[in-house]
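Q:
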Amino acid sequence: MEVKVKNVRKEFDKFPALKDVSLNIKSGELIALLGPSGSGKTTLLRLIAGLDFPNVGAIYFGDQDASQKSVRERNVGFVFQHYALFRHMRVLDNVGFGLKVRKKGDRPSKAEIERRAMELLDFVQLKGLEKRYPNQLSGGQRQRVALARALAIEPKVLLLDEPFGALDAQVRKELRRWLRDIHDKTGHTTVFVTHDQEEALELADRVVVMSQGRIEQVGTPDEIYDTPNSPAVFSFIGESSKLPVSIENGQLYLADRPLGLDAKGVPDGEGQLFFRPHDVEVVETGETAIVGTVVVSRRTAGTRQVELEVGGAKERVEIEIPVDHPATSRSRIAFRPKKWSVFAG
Amino acid sequence: MSVVTSSKARWRWKQPSVIPGFGLTLGFAIAYLSLIVLIPLAGVAWRSAALGWDEFFRIATDARVVAALRTSFWTAGLAAVINAVFGVIVAWVLVRYEFPGRRLVDAAVDLPFALPTAVAGIALTALYASTGWIGQYFVDWGIRIAYTPTGIVIALIFIGLPFVVRTVQPVLEDFDSEVEEAAATLGASRTQTIFSIILPALFPAILTGFALAFGRAVGEYGSVIFIAGNIPYVSEIAPLLIVMRLEEFNYPAAAAIGAIMLIFAFIILFAINLIQAWSRRRYGHG
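Chains as they are written, first to last, in numbering that gives the first Met the number 0: chain W, 0 to 344; chain A, 0 to 285.
(1) Helix or strand or just coil, what does DSSP make of G259 of chain W?
(2) Going by the CB atoms, is the gap between G76 of chain W and P154 of chain W shorter than 9 Å?
(3) Using only the alpha-carbon positions, how far apart do F112 of chain A and I158 of chain A sit?
(4) Determine, for I205 of chain A, whether the minimum Cβ-Cβ distance to residues of chain W falls below 9 Å.
(5) Can the beta-carbon of V279 of chain W be found less than 9 Å from the beta-carbon of L258 of chain W?
(6) Return yes when the Cβ of F248 of chain A is within less than 9 Å of the Cβ of V163 of chain A, no when it is not.
(7) Evaluate I223 of chain W with the Cβ neighbour count: other Cβ atoms within 10 Å of its Cβ, from every protein chain shown; 16 or more gives buried, anything less gives exposed.
(8) Kindly say whether S69 of chain W, judged by its beta-carbon, lies nearer than 9 Å to any beta-carbon of chain A.
(9) Could you tell me which whole beta strand (DSSP E) segments of length 3 or greater appear in the region 109 to 168 of chain W?
(10) In the region 180 to 195 of chain A, which residues sit with their C-beta less than 8 Å from some C-beta in chain W, listed in chain order?
(11) Relative to the C-alpha of A353 of chain A, which residue among A:G141, A:G218, A:D139, A:Q191 is closest?
(12) Which residues in chain A have a C-beta closer than 7 Å to the C-beta of G97 of chain W? List them in chain order.
(13) Tell me the DSSP secondary structure of E179 of chain A in three-state form.
(14) Apart from the five residues just before and just after I214 of chain W, which ones in its own chain have a Cβ nearer than 8 Å to its Cβ?
(15) Nearest chain A C-beta to F11 of chain W closer than 9 Å, yes or no?
(16) With a threshold of 8 Å on Cβ separation, who are the neighbours of G270 of chain W within its own chain once the five nearest residues in sequence on each side are excluded?
(17) Write down every uninterrupted run of the alpha helix (DSSP H) in the region 227 to 271 of chain A whose length is 4 residues or greater and which is fully enclosed by it, in chain order.
(18) Using a cut-off of 8 Å between C-beta atoms, extract the partners of D175 of chain A located in chain W.
(19) Compute the beta-carbon to beta-carbon distance between V322 of chain W and T302 of chain W, rounded to the nearest angstrom, for a pair I have assumed lies under 8 Å.
(20) Bridge partners for L32 of chain W per DSSP, in chain order?
(21) Comparing alpha-carbon positions, which option in A:I196, A:G131, A:V17, A:F56 lies nearest D92 of chain W?
(22) Tell whether a beta-carbon distance below 9 Å holds between A107 of chain A and L123 of chain A.
(23) Does DSSP classify E219 of chain A as helix, strand or coil?
(24) Which residues in chain A have a C-beta closer than 7 Å to the C-beta of I181 of chain W? List them in chain order.
(25) Got a sec? Which residues, its chain only, sit under 6 Å from I170 of chain W by beta carbon, not counting five neighbours each side?
(26) Quick one: which residues of the region 128 to 146 of chain W get their C-beta closer than 9 Å to a C-beta of chain A? List them in chain order.
(27) Return yes when the C-beta of R215 of chain A is under 8 Å from any heavy atom of the ligand GDP, and no when it is not.
(28) Quick one: is V316 of chain W buried, meaning 16 or more other Cβ sit within 10 Å of its Cβ, or exposed?
(29) What does DSSP give as the partner residues of V217 of chain W in its beta bridges?
(30) Compare the C-beta of M0 of chain A against all C-beta atoms of chain W and say whether one is closer than 9 Å.
(31) DSSP on F209 of chain A, reduced to helix/strand/coil?
(32) If you reduce the DSSP assignment to three classes, tell me which class N23 of chain W lands in.
(33) Are the Cβ atoms of T74 of chain A and I151 of chain A separated by less than 9 Å?
(34) Counting only Cβ pairs nearer than 9 Å, list the residues of chain W close to A28 of chain A.
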């Protein structure tokens with residue numbers, strides 16, 4: 000099911016949580032809403048589900064305007080961060096709940112509900128635990144039950160709100176792969192919210208980066224990582240270093256020293272240079288390059304991370320250099336980014 | 000390490016714990032319970048034992064005593080059931096909605112605790128008598144409230160209401176709204192959500208409130224005697240019978256009726272506790 004969000008605005012007590020957000024989600028896509036807390040990503044997910052209603056704008060499921068439909072009528076599968084399981088019901092009854100509460104005509108027989116719940120439990124690899132109560136399960140198992148419960152109603156759209164947020168790193172990694180598997184097998188249109196960029200980049204077909212109630216960028220993980228379209232996206236995704244520069248004749252200058260870098264079409268004036276710490280090459284100090292003094296040096300697994308003080312501006316940037324580089328504290332290093340972005344302002 | 004394993008196998012009076020003060024607090028709890036509860040109750044048993052088995056049995060099976068006990072227990076049970084239903088609704092309104100005067104209503108719930116029960120009894124009698132503000136409308140239908148068991152039930156509802164409200168309220172406040180939202184996304188209607196999700200979660204708290212309201216109602220004296228009319232075999236409660244025996248200086252008989260009430264109340268409360276333990280285990284909290 001294709002989902003279209005059109006010019007949606009949502010306020011809570013006059014505070015705008017979403018400002019004019021539009022998004023097209025393709026049928027069968029696995030899409031991540033990524034952003035820091037307070038960016039409006041969970042609000043957007045709840046609006047799609049029908050757990051909240053927009054002040055302005057509309058949400059379409061296919062060609063149908065779903066905005067006026069209640070959450071019951073939308074037929075969405077929703078998975079909560081803290082599972083929200085029914086603790087007084089056995090796992091089997093949790094999974095079958097969505098079928099049990101259907102109207103008389105649509106409701107499968109008791110045996111059929113049980114059969115389908117068992118099938119789903121098998122699908123989420125929880126066979127044998129159907130008679131347990133939720134408090135007898137681990138966090139990862141509970142989230143699997145929550146997913147099976149959401150899948151039981153054959154949802155048009157599957158929505159997950161920080162599904163792995165409450166789990167420890169090991170389980171989180173495992174469930175991440177597993178969710179991708181489930182998505183590929185069922186083909187549901189799936190939207191999940193996360194603040195973990197690694198999770199978003201690894202798992203999603205497309206990533207929606209949000210910040211302060213707006214969508215900053217929508218794209219494949221490669222597009223988001225390699226060509227961020229704003230300073231916000233660049234600094235939020237991955238490691239980044241930033242320097243204030245001035246632009247003259249399409250070239251970058253730092254405190255009147257040329258850096259030998261192209262401005263990439265950004266007009267003359269003030270600007271900001273962004274690059275990834277690992278995307279640099281160390282050069283001889285005589286060349287036109289960024290030159291800095293080593294302040295901090297840290298050995299991490301395969302590389303050495305150094306913080307440099309650059310120019311008189313007292314700007315600090317971080318770069319990664321080979322471990323066998325002879326740089327020590329207070330020594331000077333010159334480097335040039337191999338890939339970079341420039342933003343005006 | 001064999002010493003450790005053997006001591007593990009034995010039941011030990013004192014479990015090793017990082018929380019100190021087990022001996023002190025247990026000792027205090029037992030001494031306190033003994034002075035306030037157990038010794039007086041043992042006194043009741045000892046006094047009635049002075050009667051001898053035959054005499055005790057004669058009192059226990061006396062028609063008037065049996066009728067009074069029956070009245071006491073069924074009115075208390077009915078009042079507690081009604082309180083369980085309406086107490087939950089009151090708690091629901093207080094927790095779920097914001098409205099002007101909510102805090103006043105919240106405070107008013109505790110009034111039955113503070114009011115002298117005799118005052119409550121007299122006020123209720125004035126209202127529900129066949130000439131009273133409310134009672135007069137029922138007379139037209141041929142229903143008398145004051146001076147009948149119905150009146151007793153009303154007085155017991157009055158004194159028992161705070162128990163259910165106050166036990167259910169905090170549990171409802173803690174109830175995770177995401178669970179309700181989950182039910183809604185799965186297609187459950189409000190009614191289905193209330194009956195299959197919320198009420199089962201509240202069940203242990205409702206049961207606690209029920210037990211407290213019931214226990215309080217069985218022993219209630221002050222408010223009931225004014226509204227009951229105290230007609231033997233009809234609207235005479237067991238605590239009143241005890242007071243009458245006391246006024247006749249028939250202490251053993253009074254103690255015997257007290258002992259019988261004690262036994263029944265204990266059996267009922269114990270059964271409620273068992274159900275609670277079972278439901279707590281099942282629902283995974285408690």
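Beta carbons are placed, not taken as given, at the ideal position from N, Cα and C, and that holds for glycine.
A: If we stick to the structure as given:
(1) strand
(2) yes
(3) 7 Å
(4) no
(5) Not a contact, by the Cβ cut-off of 9 Å.
(6) Result no, Cβ atoms of V163 of chain A and F248 of chain A do not sit closer than 9 Å.
(7) buried
(8) yes
(9) Counting whole runs of 3 or more residues, the region 109 to 168 of chain W contains the beta strand (DSSP E) stretches 156 to 160.
(10) Residues passing the 8 Å Cβ filter: E180, A181, A182, A183, T184, L185, G186, A187, S188, Q191, S195.
(11) As displayed, chain A neither begins before 0 nor continues past 285, which places residue 353 of chain A out of reach and without an answer.
(12) L185, G186
(13) helix
(14) V20, S21, L22, V207, V208
(15) no
(16) P243, V244, S245, I246, L251, A262, V341, F342, A343, G344
(17) Here the runs fully enclosed are 237 to 246.
(18) Neighbours of D175 of chain A on chain W, chain order: H81, A83.
(19) 6 Å
(20) W:V192, W:V207
(21) A:I196
(22) Against a cut-off of 9 Å, the Cβ pair of L123 of chain A and A107 of chain A comes out as no contact.
(23) If DSSP states are grouped into helix, strand and coil, E219 of chain A belongs with coil.
(24) What I181 of chain W touches in chain A: nothing, since even the nearest Cβ is about 18 Å away.
(25) The question names Ile, but residue 170 of chain W in the sequence shown is Val. The answer, listed in chain order, is G139.
(26) Within the region 128 to 146 of chain W, Y132, P133, N134, Q135, A145 place their CB atoms closer than 9 Å to a CB of chain A, listed in sequence order.
(27) Ligands are entirely absent from the displayed structure, and the ligand GDP is therefore not among its contents.
(28) Buried.
(29) W:V207
(30) Residue confidence for M0 of chain A is low, a pLDDT of 40 falling below 50, so the modelled location carries little weight and cannot support an answer.
(31) helix
(32) strand
(33) It is a contact, given that the beta carbons lie within the stated cut-off.
(34) Going along chain W, no residue has its Cβ under 9 Å from A28 of chain A, so there is no contact; the nearest lies around 29 Å.
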